[in-house]
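Chemist:
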Amino acid sequence: MNKTQLPKKVGKLLFSINSQCILAECALWNEFEQVIYWVDIIGAKIQRYCPRTHGVETFDMPYRIGCFSFTPIKNQIIAAFDIGIARYNLVTEQLEWLAQPEKNIKTNRFNDGRTDRQGRFWAGTMNESVAADDDSNLNNIVLGNLYCIDANKQCDAKVVNVSISNGLCWSKDGKTLYHADSPKRTISAYDFDTRTTQLSNKRVFATTQGHRFPDGSIVDSEDYLWSAHWGASQVVRYNPKGKIDLVVDMPVSQPSSVAIGGPQMDWLIVTTAKHSLAPERLMIEPQSGNIFIYQLHGIEGVAEPVCVI
5 MNKTQLPKKV GKLLFSINSQ CILAECALWN EFEQVIYWVD IIGAKIQRYC
55 PRTHGVETFD MPYRIGCFSF TPIKNQIIAA FDIGIARYNL VTEQLEWLAQ
105 PEKNIKTNRF NDGRTDRQGR FWAGTMNESV AADDDSNLNN IVLGNLYCID
155 ANKQCDAKVV NVSISNGLCW SKDGKTLYHA DSPKRTISAY DFDTRTTQLS
205 NKRVFATTQG HRFPDGSIVD SEDYLWSAHW GASQVVRYNP KGKIDLVVDM
255 PVSQPSSVAI GGPQMDWLIV TTAKHSLAPE RLMIEPQSGN IFIYQLHGIE
305 GVAEPVCVI
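With the working numbering applied, the sequence shown corresponds to residues 5 to 313, in that order.
1) What residue from Cys30, Ile46, Pro55 and Gly47 has the CA that sits closest to Gln38's CA?
2) Which residues share a DSSP beta bridge with Glu100?
3) Could you check where the alpha helix (DSSP H) with Ile288 kicks off and where it finishes?
4) So, with DSSP's three-state summary, where would you put Ser186?
5) Taking the alpha carbon of Leu27 as the reference point, which residue from Ile313, Gln258 and Arg91 has its own alpha carbon closest?
6) Is it buried or exposed, Ser133, if we count other Cβ atoms within 10 angstroms and call 16 or more buried?
7) For the beta strand (DSSP E) containing Ile81, name the first residue and the last one.
8) With a 10 Å radius around its C-beta and 16 neighbouring C-beta atoms as the bar for buried, classify Met5 as buried or exposed.
9) When DSSP labels each residue in this structure, what does Lys13 get in the three-state scheme?
10) Spatial neighbours of Thr119 within its chain, please: CB distance less than 6 angstroms, with the 5 preceding and 5 following residues excluded, ordered by chain position.
11) Comparing alpha-carbon positions, which option in Val239, Val240 and Met269 lies nearest Ser225?
12) Out of Gly305, Phe36, Lys206 and Ser261, state which residue places its alpha-carbon closest to the alpha-carbon of Ile295.
13) Decide yes or no for the touch test of the region 204 to 221 against the region 145 to 152: beta carbon pairs closer than 8 angstroms, at least 3 of them.
14) Looking at the strands, I want to know which residues DSSP matches up with His233.
15) Where does Cys311 fall in DSSP's three states?
16) If you draw a straight line from the C-alpha of His58 to the C-alpha of Met254, how long is it?
17) Using DSSP's beta-bridge definition, name the partner residues of Glu61.
18) Indicate the three-state DSSP secondary structure (helix, strand or coil) for Thr8 in the structure shown.
19) Rounded to the nearest angstrom, how far is the Cβ of Val43 from that of Ile69, given a contact under 8 angstroms?
20) Between which residues of its own chain and Lys157 is the CB-CB distance below 6 angstroms, once the five residues before and five after are set aside?
21) Give me the Cα-Cα distance between Ser280 and Leu286, rounded to the nearest whole angstrom.
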C-alpha cells in the first residue's frame with residue numbers, strides 16, 4: 005500500500021473518547037440525535053457521545069449486548085442480547101423478547117448484527133469457547149448462525165455453522181450482503197434478494213492472513229467496504245471487488261467495529277477493545293477500549309437504516 009495515498013482520504017485523528025470499554029462494538033451514528041452510540045459487550049452497557057457537549061451517557065443493560073439498531077420510537081432499540089433478540093427502551097427499561105433461537109445452547113451468545121435496507125433486523129451468534137485467533141478446534145462444538153427477524157417476528161437462520169459471526173453490512177443498493185467469520189479470516193459476499201431475504205451466489209470477497217481477523221464492517225457512499233481488523237491495529241478499506249484501497253493504522257491492536265458519521269457524515273468512527281490483552285500489553289497500548297474518530301476527505305457515510313419490526 006502506498007502510504008502517500010492515505011492523507012488524501014483519511015486525515016488526522018480528530019479526537020478519541022476515553023470510554024475504556026472491555027469489548028466495545030457496534031459503532032452507530034444516530035443522524036437524528038447527532039450522537040455516536042456503541043456497546044460494551046462484556047460490560048453489558050450502551051454508551052453514547054454527544055459532539056456538541058462532549059458528554060458521554062451510559063445505559064446499563066439487563067444482559068450482555070452484542071449489537072442493536074435504532075427504531076422509529078424514541079429511546080426504543082432492537083437489541084441482540086446474549087440470550088435473544090428483544091425490543092428495549094433505554095429510559096423505561098421495558099423489555100419485550102422477540103426471539104430466542106439459541107436460548108438453550110449455553111455456550112452460545114449473540115454477537116454482531118445490524119438492520120438491512122428494508123428495515124429487518126439481523127444478528128449472528130457465536131460459541132464463546134471459540135477464540136477469535138483460533139480456527140483449529142471447531143469440531144464437536146455447537147457453532148453459531150446468522151439470523152434474520154422480520155415484521156412478523158419470524159426469526160430464521162440464513163447462514164449456518166458460523167464460528168464467530170461478524171462484519172455484517174449491505175451494499176448501497178442493498179443487493180449484496182457481506183458477512184465475516186472471524187476465525188476463518190474470510191469476508192464473504194452474497195447476492196441478496198431484498199424482497200425474500202434469500203441469499204445466493206456465496207463467494208469470497210476478501211481474506212486476511214496471520215494474526216488479523218475481520219471484525220465489524222460498514223459500506224460507504226462509494227460502495228467501498230471498511231473492515232476493522234482485530235489483532236492487526238488496522239482498519240482496511242476495500243473496493244467493491246475486494247481489493248485493498250487503503251489502510252488506517254491505529255495505536256491499539258484490537259479495533260472491533262467501524263461507522264461513518266458526524267455532522268457532515270465524514271467521520272470514521274472506530275471502536276476498540278482491551279478484552280484478552282495481558283497487563284503488559286495494556287501498558288504498551290493504554291488506549292485500548294477507547295473510541296477513535298478520524299477525519300475523512302472526499303468520502304461520506306450512508307445513513308443507518310431504522311428497524312421497523
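Even for Gly, the Cβ is constructed at its ideal location relative to N, Cα and C.
Modeler: Taking the definition as stated:
1) A check of alpha carbon separations from Gln38 across Cys30, Ile46, Pro55 and Gly47 identifies Pro55 as the nearest.
2) DSSP output for Glu100 lists Arg91 as bridge partner(s).
3) Pro283 to Ile288
4) helix
5) Gln258
6) exposed
7) Gln80 to Phe85
8) Bear in mind that the predicted position of Met5 carries a pLDDT of just 44, short of 50, making it unreliable; the figure below should be weighed with that in mind. With fewer than 16 other CB atoms across the displayed protein chains lying within 10 angstroms of its CB, Met5 is exposed.
9) Looking at Lys13 - three-state DSSP - the assignment turns out to be helix.
10) Ser73, Phe125, Pro309 and Cys311
11) Met269
12) Ser261
13) Output reads no: the region 145 to 152 does not touch the region 204 to 221.
14) Pro218 and Gln238
15) coil
16) So the alpha carbons of these two residues sit roughly 22 angstroms apart.
17) Arg52
18) Only weak support is given to the placement of Thr8: the predicted model assigns it a pLDDT of 40, under 50, and the value that follows is read from those uncertain coordinates. DSSP, reduced to helix, strand and coil, places Thr8 within a helical segment of the structure shown.
19) 5 angstroms
20) Leu102
21) 10 angstroms
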